[in-house]
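Protein chains in written order, with our numbering: chain E, 24 to 322; chain V, 24 to 322.
Even for Gly, the Cβ is constructed at its ideal location relative to N, Cα and C.
Number of protein chains: 2
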Amino acid sequence: MRRTEIIVSSHSDFCFGVQRALNIAKEALKKNRIVYSVGPIIHNPQVVSEFSREGLKIINDVKEICALRAKGKSKKINLLIPSHGISPEVLRKNRIAFIDTTCPLVERVQRIVRDLSRKGYFIIIVGDKKHPEVRGLAGIAGKNFRVLKNKREAKAFNFPQGASAPAEKKLKRIALISQTTASVSNFKEILSEIAKKDFKELVSFNTICKNTIDRQSEAQRIARRVEAMIVIGGKNSANTSKLAKACRKINKNTCHIETREDLKTEFLKGKKSIGIATGASTPPYAIKEVVERIRRNDI
Amino acid sequence: MRRTEIIVSSHSDFCFGVQRALNIAKEALKKNRIVYSVGPIIHNPQVVSEFSREGLKIINDVKEICALRAKGKSKKINLLIPSHGISPEVLRKNRIAFIDTTCPLVERVQRIVRDLSRKGYFIIIVGDKKHPEVRGLAGIAGKNFRVLKNKREAKAFNFPQGASAPAEKKLKRIALISQTTASVSNFKEILSEIAKKDFKELVSFNTICKNTIDRQSEAQRIARRVEAMIVIGGKNSANTSKLAKACRKINKNTCHIETREDLKTEFLKGKKSIGIATGASTPPYAIKEVVERIRRNDI
Chain E
24 MRRTEIIVSS HSDFCFGVQR ALNIAKEALK KNRIVYSVGP IIHNPQVVSE
74 FSREGLKIIN DVKEICALRA KGKSKKINLL IPSHGISPEV LRKNRIAFID
124 TTCPLVERVQ RIVRDLSRKG YFIIIVGDKK HPEVRGLAGI AGKNFRVLKN
174 KREAKAFNFP QGASAPAEKK LKRIALISQT TASVSNFKEI LSEIAKKDFK
224 ELVSFNTICK NTIDRQSEAQ RIARRVEAMI VIGGKNSANT SKLAKACRKI
274 NKNTCHIETR EDLKTEFLKG KKSIGIATGA STPPYAIKEV VERIRRNDI
Chain V
24 MRRTEIIVSS HSDFCFGVQR ALNIAKEALK KNRIVYSVGP IIHNPQVVSE
74 FSREGLKIIN DVKEICALRA KGKSKKINLL IPSHGISPEV LRKNRIAFID
124 TTCPLVERVQ RIVRDLSRKG YFIIIVGDKK HPEVRGLAGI AGKNFRVLKN
174 KREAKAFNFP QGASAPAEKK LKRIALISQT TASVSNFKEI LSEIAKKDFK
224 ELVSFNTICK NTIDRQSEAQ RIARRVEAMI VIGGKNSANT SKLAKACRKI
274 NKNTCHIETR EDLKTEFLKG KKSIGIATGA STPPYAIKEV VERIRRNDI
């Protein structure tokens, strides 16, 4: 019998921010029977399910908290801000107390955006406008901002024109920051396009977190050496999706799965070497399960 | 007889900085018999010749002043800093008093460079390392700087590595500024290349002066409409050389001349329309002379 060679990325633990958020949530659940989270605390459905069983309830909007409060249940409400952060303006407006699990690296980007916004820069956020981190940053940026996803959008970008454009925009001072879990190559492509625009000043902060960068480069290194690559993590996880995309660029035989159940026998068939990489919010036990699944296929 | 159509650029006066420098020099020559200038006061040999006749002497290095001073002639020395500025460090070191004609827009770039250098940025100066303005900026930048001329040099650029690299460089904070008389498209190409590098922070100031930008775009607009283009100005003038290059990109029939004497009859032969553009340091009478030369050809 031939055994498939399995190479697991050395960057396969929860990232610092995810681990910290889970620890805070665990403590909160020890003290309280129910804790509300604005959206999933991290982007891994399996981990979120575990926390749901312990009493973590997910709501989609802060307004739901206001509704509960209106029903006189305010004393029982423990609100938790997930690791991706939310716009503090939303909380301030609604005067809601909260338990904060926002990743300190996301908080750093929030501080940079707040500072740039005060200085009158037009802010470009590189990322996905539907992602909670980006929505939080957009809330802080005020009115003068735009979210750009890729090179194509960057090429088409123009400063808002006409009478409705605020005076600051006329100064043409652009600032560029990135979602912490963006792809480095995509960020550089976008900056490179923006550099060609008409501006007086351009400030750019590469705010992609080191864990995302290391995870991507290590996964790509493995993808180069193996016949097939498995990326494990939430389908709603930005860093996992980008990890899968980065690996696929190098190795066409890449699949993105959430759990071992998603893994097809056909995919494993005849592969002499398989690489495994995980997202920042993928629980470490997921690797063990996938390895077992590959080993069962060997028999 | 057919008359050649002549279109003269509406941006054909001395720029503000050049006019100001000449006014200051005139005043200084009224008060003193001899004034020394470190390099040509502006980059137009014909204008410099006129001032030489009035008593303006050009020296190549501040050291020549020190030599004169050593001979006991210090009381008679009136030193003039030309419009492109020089590194103030050179003057400070030699404790030399001076009359300053540095263009206020160049001074602004000097202030930006001084500020960036203090904050520990690695400074990239877009320009020609032999140009007095760039040499002045380099003197202010300290040790952590590099002058880049074109896209090719920008592509090859890397942060200095190894033990000899100062600690600040490890932070990978890059700042980019430009010689005030650079080409806008070249500046953008260089920035676009630098944007692809590995950095934490990139700050870029488009310090090309508005007069340079307007002069280039107006000359290019004319070059598109005419059969031939004449660019008048010093061969040692950065903005004039770039003006000629920008016109040549659009109209192959472009020639760069200093005076009407450089104009060949062959070049004028059979041309139905000719455009004229001048550099920021070209005296307005040069246009009149060239127009007369074209008209003589018409007869």
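How would you label residue i, buried or exposed, when you count the other beta carbons within 10 angstroms and need 16 or more for buried?
{"i": "N67(E)", "result": "buried"}
{"i": "G95(V)", "result": "exposed"}
{"i": "R247(V)", "result": "exposed"}
{"i": "G298(V)", "result": "buried"}
{"i": "S240(E)", "result": "exposed"}
{"i": "K153(V)", "result": "exposed"}
{"i": "N209(V)", "result": "buried"}
{"i": "N101(V)", "result": "buried"}
{"i": "Y59(V)", "result": "buried"}
{"i": "C89(E)", "result": "exposed"}
{"i": "P307(V)", "result": "exposed"}
{"i": "N117(V)", "result": "exposed"}
{"i": "E327(E)", "result": "Nothing can be reported for residue 327(E), as the shown portion of chain E is limited to 24 through 322."}
{"i": "S140(E)", "result": "buried"}
{"i": "K211(E)", "result": "buried"}
{"i": "K327(E)", "result": "In this structure chain E extends from 24 to 322, so residue 327(E) is not present and cannot be described."}
{"i": "S264(V)", "result": "buried"}
In three-state DSSP terms, what is residue i?
{"i": "G95(E)", "result": "coil"}
{"i": "R196(E)", "result": "strand"}
{"i": "A186(E)", "result": "The pLDDT assigned to A186(E) is 49, lower than 50, so where the model puts this residue is not dependable; a value taken from the coordinates is nonetheless given after this. Residue state, collapsed to three classes: coil."}
{"i": "E224(V)", "result": "strand"}
{"i": "V313(V)", "result": "helix"}
{"i": "F277(E)", "result": "Per the sequence presented here, residue 277(E) reads as Thr, with Phe not at that position. Strand at T277(E)."}
{"i": "D123(E)", "result": "strand"}
{"i": "I57(V)", "result": "coil"}
{"i": "L102(E)", "result": "strand"}
{"i": "S264(V)", "result": "helix"}
{"i": "I29(V)", "result": "strand"}
{"i": "S201(V)", "result": "strand"}
{"i": "F37(E)", "result": "coil"}
{"i": "I147(E)", "result": "strand"}
{"i": "K49(V)", "result": "helix"}
{"i": "N117(E)", "result": "helix"}
{"i": "I88(E)", "result": "helix"}
{"i": "S140(E)", "result": "helix"}
{"i": "E191(V)", "result": "The pLDDT assigned to E191(V) is 49, lower than 50, so where the model puts this residue is not dependable; a value taken from the coordinates is nonetheless given after this. If DSSP states are grouped into helix, strand and coil, E191(V) belongs with the helices."}
{"i": "P306(V)", "result": "coil"}
{"i": "K272(E)", "result": "helix"}
{"i": "P63(E)", "result": "coil"}
{"i": "N229(V)", "result": "coil"}
{"i": "N320(V)", "result": "helix"}
Could you check where the alpha helix (DSSP H) with residue i kicks off and where it finishes?
{"i": "G298(V)", "result": "Segment 296-301 is the beta strand (DSSP E) holding G298(V); no alpha helix (DSSP H) there."}
{"i": "K233(V)", "result": "233-248"}
{"i": "I217(V)", "result": "207-217"}
{"i": "S75(V)", "result": "68-76"}
{"i": "L79(V)", "result": "Unbroken run through L79(V) is the beta strand (DSSP E), 79-82; no alpha helix (DSSP H)."}
{"i": "F290(E)", "result": "288-291"}
Which residues in the same chain as residue i place their Cβ atom closer than 6 Å to its Cβ, once the five residues preceding and following it in sequence are excluded?
{"i": "E250(E)", "result": "K294, K295, S296"}
{"i": "H34(V)", "result": "D237, R238, E241"}
{"i": "V70(V)", "result": "P306"}
Can you tell me where the beta strand (DSSP E) with residue i in it begins and where it stops?
{"i": "F168(V)", "result": "168-171"}
{"i": "I253(V)", "result": "251-255"}
{"i": "I334(V)", "result": "Because chain V spans 24 through 322 in this model, residue 334(V) falls outside it and cannot be assessed."}
{"i": "F180(V)", "result": "Note, F180(V): premise wrong, no beta strand (DSSP E); not H, not E."}
Taking 7 Å as the limit between beta carbons, can you name the residues of its chain near residue i, skipping five residues before and five after?
{"i": "L214(V)", "result": "L199, S227"}
{"i": "V170(E)", "result": "I148, G150, K152, V157, A161"}
{"i": "V41(E)", "result": "I65, S106, A303, S304"}
{"i": "I317(V)", "result": "T27, I29, L291, I297"}
{"i": "K128(V)", "result": "For clarity, residue 128(V) is Leu in the given sequence; the question names Lys instead. Hits under 7 Å: G40, T203, C232."}
{"i": "T288(E)", "result": "N320"}
{"i": "V23(V)", "result": "Residue coverage of chain V in this structure runs from 24 to 322, which leaves residue 23(V) outside it and unanswerable."}
{"i": "V313(V)", "result": "I253, I255, R283, L286, I299"}
Given residue i, which residues of its chain have a CB within under 8 Å of its CB, disregarding the five upstream and five downstream residues?
{"i": "K192(E)", "result": "A caution first: K192(E) carries a pLDDT of 49, below 50, which makes its placement in the model unreliable, though a value can still be read off. For K192(E), where only same-chain residues beyond five positions count, the Cβ hits under 8 Å are F145, N167, F182, P183."}
{"i": "A93(V)", "result": "none"}
{"i": "K268(E)", "result": "S206"}
Positions along the segment 219-241 of chain V whose CB lies within less than 7 Å of some CB in chain E: K219, F222, K223, E224, L225, V226, S227, F228, N229
Residues in the segment 201-213 of chain E having any Cβ partner in chain V nearer than 7 Å: K211
Using a Cβ-Cβ cut-off of less than 9 Å, list which residues of the segment 125-140 of chain V approach chain E; keep chain order. none
Members of the segment 30-54 of chain V near chain E, C-beta cut-off 9 Å: none
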